[in-house]
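Residue numbers (our numbering): 42 to 163. By construction, the Cβ of each residue, glycine as well, lies at the ideal position given by its N, Cα and C atoms. Note that the structure is predicted; figures quoted are calculated from it, not measured. Worksheet: one structure, shown below.
Dropping the structure here:
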């Protein structure tokens, strides 16, 4: 600074200490790698369970539609796109063969309509 300009003192901010400390600043993913691998194994096992449930032939078409709806609403349908497309195609074909008649309540019919429409069936 030049001699004719004085340094203007800047006010210092004295903030209180951060309530979380430096916990997130010093995060190291390697410390949690075992835990993350355990989560990955658990997720893989759960994905296999859902895949098996979708392929189970003892479940009624209505229950399969409910399962497809739940999987789609949870936002994990991208893991099972092939299985879901095949199931919807089979269920739609079965209902078409029976001329869309059945002993279903309003919820079931609305669910079938919505799921089939979402998958491109008219």
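Span separating the alpha-carbon of residue i from that of residue j
i	j	result
residue 130	residue 123	11 Å
residue 144	residue 121	29 Å
residue 147	residue 125	23 Å
residue 127	residue 97	13 Å
residue 156	residue 107	9 Å
residue 56	residue 48	24 Å
residue 82	residue 112	20 Å
Continuous alpha helix (DSSP H) stretch holding residue i: start and end
i	result
residue 7	In the structure displayed, the chain extends from 42 to 163; residue 7 sits before or after that span and is not available.
residue 80	74 to 96
residue 136	122 to 138
residue 102	102 to 115
Residue environment, residue i, which counts as buried when at least 16 other CB atoms sit within 10 Å
i	result
residue 84	exposed
residue 159	exposed
residue 105	buried
residue 153	buried
Whether residue i touches residue j by CB criterion (9 Å)
i	j	result
residue 118	residue 109	yes
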